[in-house]
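Here it is, written out as structure tokens:
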């Protein structure tokens, strides 16, 4: 794989109109850091992430062919090292293969964490990423986005797929109570929204700048004569602030265009993943979204990415893995061998997309710090509801990749926590606390709104 | 996709200071604590006690299961809804002495005897006020509730002569539907491509109706998402055959051609074109001079930047699109003004344009003169645009005349049309001809869709939707015919027949168009509109079995008359027994606590009662596991039977129980889980108590019985009036709206339950036509 040189990529961006952005960015002490959250809707089964060594350690005969087996989890946290994570049913793509490095020592599997405050079900909505009742708290991506933004034009980008007939959904991410964050589930819209300024060239950039300048002047005039109360006035002021930000971002994007453009994926109109007219194959659309996310990360357009498969409409189809069946029917027929093959095929494909992203980041040196981009990027893969189709939210199997330079112990280990209800059980919120510490906030100990159901504050020493 | 139901509310986690200590200095910022003999019972002492022990839950917006605010002495003096005849103060004292249901609840220490005695002393001493400013809290007397359902309903209909609405001037950002209609777009879409309806102007999550624009503005993400969608609005204005829509105005008005045909259009040409464009394509009112001047300057720059003519229209089309984009980013395009012109003593009267916009958006969810759509072989409206009679009224002053406004309302609100031309923007003839013949304008139908909350039924996932009905044969195949029919009712994928949502739309339209005893008929009608199952073709069960959800497999011919089916009076009664409503407010499984969803809806939307928000829950909120011996009611009782849960669940569960004769998807149950693990008869019984309308107290047989009782309740009728006020005014009602609410009720009553008369009373009221000028610093 060609090793991209981000130093070259970003060369020359630190001058001119947006110099303050970069002075601010490089003035920040600490390590560059990125967050990528990949969510698989409607259940990830622990079995799919269980390596052979972990299976043996937990008791292979006790586990048998079961997909969920929390009853065999230990009474104290168990950390297994030196095992081959790629031996897990869906983690094969972590292994080295022709021309590709192994990521087994750059990943960790975490089993046994609970998050019952979220309620479970088919989806917990924003609960998965907020460790709270759906819609009642900000999600982790939203909390981290401003902290990790640095010089990036976008705080965060949120992409996904959905079985809903809409290009924007509002289920999985939230800025706070009653403030859902939109997820772009149409790759074409995502491409145009994120790359429109870059692909349009200098003329298009100038036109967008003129457009924003015109709108800003209009709002200023409206404000100068406005007679409403402060609440109504605030509407215009916020709009003006938005236009100001967009105008500034436009200039930033234009200054980055020359170096970012070579990183962009093929345009949607020519992307074979986006063909057809009916309900799309979620895996293909998600792959297109991964392409956009990858380019955005490499190009420095953002440091926070959410990729949510099956958000606000989990009954997505995976025709490239199992044709003619939505996720719901697929899951209900889990005891049919072909269905289980399909379910694991979906998770396996999701992991393949993650490992492809990870390898791209690994092949790209970090700017302003030692190591690679992967060393400074934490990729978290989890479900939006827990451990199965009809989840009770008692377990949330996870895969962590990268982030070694951030202090994450993604060294090929499998960590198994005591099950829900047992002393020593830990929660999803503790993972987010861990990430918060990795991103430099040593006081990040109480993420979520778990109230009396919180088991323990702080990070997990095991990861 | 909505997740499983959250059902367990927990009345705890209220912060409060425990124990008795010396009161801190009045301005110390520390919570005062009652000590010794319970105090003298002054209002200030009581206020201090409330702040220390009550308001963390009973705040202005109650949380943690608290059903009402207790932040002022007026709150304590108010009557208890759940315990008629007692004040909140009396109930507070009683609960503070209640060892079974203590207040504050666990895990906080219960109130001390001294604290309870303080409340009792205050009651016996005449419930005095607190005039001591040093106490830091004064009893203002009039509270401003943060939710209209916290206002005692009777106070909202107590008109005091001379009191005018205190609502101020405002800006209202367009919503998703409105913008789509304004540019002539459909509100239907497919998987591929973008449509105007993909714009990001969904209302905020907290808004009860899409017409509200309380805090709506445009953040940078919204603008970014708007731009790709917006780009399609410009090309139709670059000539009669450019873009995805054909504007007849561009073909017939030759004075506009210079703009898109001349290589160098003159300033006069551009100014004329832009004036027409802004009035008929963006603002839907005449542009102000400064607005026109700015856009003209921008357009001049854009035209000057054009490359050399390319022999076609593409260059100019691109320029006009840039100009259109700019026009659509202006405040006049995105925000509707209700500023008015100053009249007397601090009020303004809305202008003709503002009144016309307000009326057109209310009736049609679009601007007056909104862009017509070319949908072969028709235009959806004349070249003047939709609701052009309202445009005319704005120009000739008729918009200020109540009788003309009433006539405009009645002419545009709905009617009868077998061709359903009102749907021409969204559906082809094949679909339209299969709809019911009664229609309502977008704004009118929007009220019922949003009030009843059924439009998003397809997003509420159902496990085995036919479960426990007589059509449940135990099958689990994903290809079983029952599921095919249910799925097709949601998607309308096979055939051209109506979807479940459209079927309820048609039921509502028939009742409203008849316009007699509208609420009563909505809640009791047995006339339901079903899909024809006569021509299933290759779709088979997906079309043939769509009557099952209504409990019938009778043949329904492809005629309007046949599709209107009178269902058994013992099985269905009105919209709350319609499968679309039941499914939209049902859970995922047949034994899920749909009771909570449905009961909460009734409490909030038919009784205008307050239920603390789910977001205040801080505990695991789940019912127990599925079990053969537990139906939905028993699972819910197990989970919420505790006293700590009943503070909220007693407000919902009894109102939801009657709907247990239906399953989660709205099928009539044939059986339900019995306590022995087998099957027994469904149980829709409930016992209602502490209802705001005492006539509703007592036993209820099932949802049919319940609907009939609700239909007869004057209390429910008033809530219906309030809901209509909220939707059409785009805001919450308050006490200063009492005269208008009373007029709406009177219009409804004196016109035999006429919904249109009720709305007419609103759109001709002083509340509708004027606003209060905000005070300095407000």
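Chains as they are written, first to last, in this note's numbering: chain E, 49 to 511; chain G, 17 to 794. All residues carry an ideal CB built from backbone N, CA and C; glycine is no exception. As the structure is a computational prediction, the values presented were derived from the model and not from experiment.
Three-way DSSP call (helix, strand, coil) for residue i in this model
i                      : result
residue 402 of chain G : strand
residue 413 of chain E : strand
residue 266 of chain E : helix
residue 755 of chain G : helix
residue 130 of chain G : helix
residue 280 of chain G : coil
residue 239 of chain E : helix
residue 267 of chain G : helix
residue 688 of chain G : strand
residue 801 of chain G : Since the first and last residues shown for chain G are 17 and 794, residue 801 of chain G lies out of range.
Straight-line Cα distance separating residue j from residue i
i                      : j                      : result
residue 725 of chain G : residue 732 of chain G : 10 Å
residue 234 of chain G : residue 290 of chain E : 7 Å
residue 305 of chain E : residue 252 of chain E : 11 Å
residue 1 of chain G   : residue 306 of chain G : Residue 1 of chain G lies beyond the stretch modelled for chain G, which goes from 17 to 794, so this question has no answer here.
residue 439 of chain G : residue 401 of chain G : 15 Å
residue 352 of chain E : residue 215 of chain E : 20 Å
residue 21 of chain G  : residue 610 of chain G : At residue 21 of chain G the pLDDT is 33, less than 50, meaning the model places this residue with poor confidence; the figure from the coordinates comes in the next sentence. Taking the straight line from one Cα to the other gives about 8 Å.
residue 372 of chain E : residue 489 of chain G : 24 Å
residue 237 of chain E : residue 202 of chain G : 19 Å
residue 289 of chain G : residue 275 of chain G : 7 Å
residue 232 of chain E : residue 240 of chain E : 11 Å
residue 231 of chain G : residue 281 of chain E : 10 Å
residue 712 of chain G : residue 492 of chain G : 41 Å
residue 774 of chain G : residue 781 of chain G : 11 Å
residue 187 of chain G : residue 259 of chain G : 31 Å
Short CB-CB distance (under 8 Å) between residue i and chain G
i                      : result
residue 366 of chain E : no
residue 255 of chain E : yes
residue 263 of chain E : yes
residue 170 of chain E : yes
residue 380 of chain E : yes
residue 303 of chain E : no
residue 287 of chain E : yes
residue 383 of chain E : no
residue 216 of chain E : yes
Beta-carbon separation (whole angstroms), residue i vs residue j, contact threshold 8 Å
i                      : j                      : result
residue 133 of chain E : residue 142 of chain E : 5 Å
residue 266 of chain G : residue 250 of chain G : Not a contact, Cβ separation roughly 12 Å.
residue 507 of chain G : residue 474 of chain G : 7 Å
residue 677 of chain G : residue 643 of chain G : Not a contact, Cβ separation roughly 21 Å.
Residue-chain proximity (residue i, chain E), Cβ-Cβ < 8 Å
i                      : result
residue 222 of chain G : yes
residue 294 of chain G : no
residue 14 of chain G  : Because residue 14 of chain G is not part of the residues shown, which for chain G are 17 to 794, the question remains open.
residue 118 of chain G : no
residue 476 of chain G : no
residue 189 of chain G : yes
residue 239 of chain G : yes
residue 536 of chain G : no
residue 217 of chain G : no
Practice prompt. Give, in chain order, every residue of the segment 735–758 of chain G whose Cβ lies closer than 9 Å to some Cβ of chain E.
Written response: none
Worksheet item: When you check each C-beta in the segment 248–273 of chain G against every C-beta of chain E, which residues fall closer than 7 Å?
Response: none
Fill in: Positions along the segment 231–243 of chain E whose CB lies within less than 7 Å of some CB in chain G
237, 240, 241
Worksheet item: What residues from the segment 164–187 of chain G come within 7 Å of chain E, judged by C-beta to C-beta, listed N to C?
Response: 184, 185, 186, 187
Fill in: Members of the segment 263–278 of chain E near chain G, C-beta cut-off 8 Å
263, 265, 266, 267, 269, 270, 275, 276, 277, 278
Discussion item. Taking beta-carbon pairs under 9 Å, can you tell me which members of the segment 292–323 of chain G lie near chain E?
Written reply: 306, 307, 310, 311, 313, 314, 317, 318, 321
Fill in: chain G contacts made by the segment 190–207 of chain E, where a contact means CB separation under 7 Å
none
Practice prompt. Name, going along the chain, the residues of the segment 292–316 of chain E whose beta-carbon falls closer than 7 Å to a beta-carbon of chain G.
Written response: 293, 294
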